[in-house]
Amino acid sequence: MIKRISALFLVFCSIQLSFSQTRKDFTGETALYREYEKADKELNIVYNKLKKKLSKTDQIALTNSQKDWIKFRDSNCKFKSYAEDEGGVIANKMNIDCLTQSTISRTEELKELIEGF
Numbered sequence: 473m474i475k476r477i478s479a480l481f482l483v484f485c486s487i488q489l490s491f492s493q494t495r496k497d498f499t500g501e502t503a504l505y506r507e508y509e510k511a512d513k514e515l516n517i518v519y520n521k522l523k524k525k526l527s528k529t530d531q532i533a534l535t536n537s538q539k540d541w542i543k544f545r546d547s548n549c550k551f552k553s554y555a556e557d558e559g560g561v562i563a564n565k566m567n568i569d570c571l572t573q574s575t576i577s578r579t580e581e582l583k584e585l586i587e588g589f
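All you need for this note's numbering is the position in the sequence shown, starting with 1, plus 472.
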């Protein structure tokens, strides 16, 4: 009896595993998250390049500025998109897109600052 239950459990687990690996993203959110992650990685690279060029005092100011910018970006994007319980997938996609576009803009802003130093 225990062997049968164990065997059924293993079959069930393998079916679940294969299903989860072949499941498609019908909403398109995965691609948006990947785009955001790419933009965020580039922002971090540019931010660190700029930080290396600055004095200690300016590094602290940049860090504080970046923290404030992140709070603003997150709050602004939340405001621009529907509440998730009201907009569902569309609200989430709007939020991710806003985060991505804001992050790209901030990266360009920091790149301009690098050129000034």
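Backbone N, C-alpha and C fix where the C-beta goes; we use that ideal spot for every residue, glycine too.
**Message:** Using a Cβ-Cβ cutoff of less than 6 Å, which residues in the same chain neighbour methionine 566 once the five nearest sequence positions on both sides are dropped?
**Reply:** Here the question's residue 566 lines up with position 94 in the sequence shown. Around methionine 566: Ser553.
**Request:** Report the three-state DSSP secondary structure of tyrosine 554 (helix, strand or coil).
**Result:** The sequence position of residue 554 within the sequence shown is 82, counting from 1. If DSSP states are grouped into helix, strand and coil, tyrosine 554 belongs with coil.
**Item:** Cβ contact (3+ pairs, closer than 8 Å) linking the region 500-508 and the region 519-533
**Value:** no
**Prompt:** Excluding sequence positions up to five away, which residues of its chain have a Cβ less than 7 Å from the Cβ of glutamine 493?
**Reply:** As a position in the sequence shown, residue 493 is number 21, starting the count at 1. With a pLDDT of 45 at glutamine 493, under the threshold of 50, the predicted position of this residue should be treated as unreliable, though the coordinate-derived value follows. Contacts found: none.
**Request:** List the endpoints of the continuous alpha helix (DSSP H) containing threonine 502.
**Result:** Translated into positions along the sequence shown, residue 502 becomes position 30. Taken as a continuous stretch (DSSP letters only), the alpha helix (DSSP H) holding threonine 502 covers 501-525.
**Prompt:** Count the other CB atoms within 10 Å of the CB of arginine 572; is the residue buried (16 or more) or exposed (fewer)?
**Reply:** Mapped onto the sequence shown, residue 572 falls at position 100. The sequence shown places threonine at residue 572, rather than the arginine named in the question. Threonine 572 is buried by the Cβ-count criterion.
**Item:** Exposure of glycine 588, with buried meaning 16 or more beta-carbon neighbours within 10 Å
**Value:** Counted from its first residue, the sequence shown places residue 588 at position 116. Exposed is the call here.
**Message:** Between which residues of its own chain and aspartate 512 is the CB-CB distance below 7 Å, once the five residues before and five after are set aside?
**Reply:** By 1-based counting over the sequence shown, the position of residue 512 is 40. Cβ neighbours of aspartate 512 beyond the five flanking positions: Thr575.
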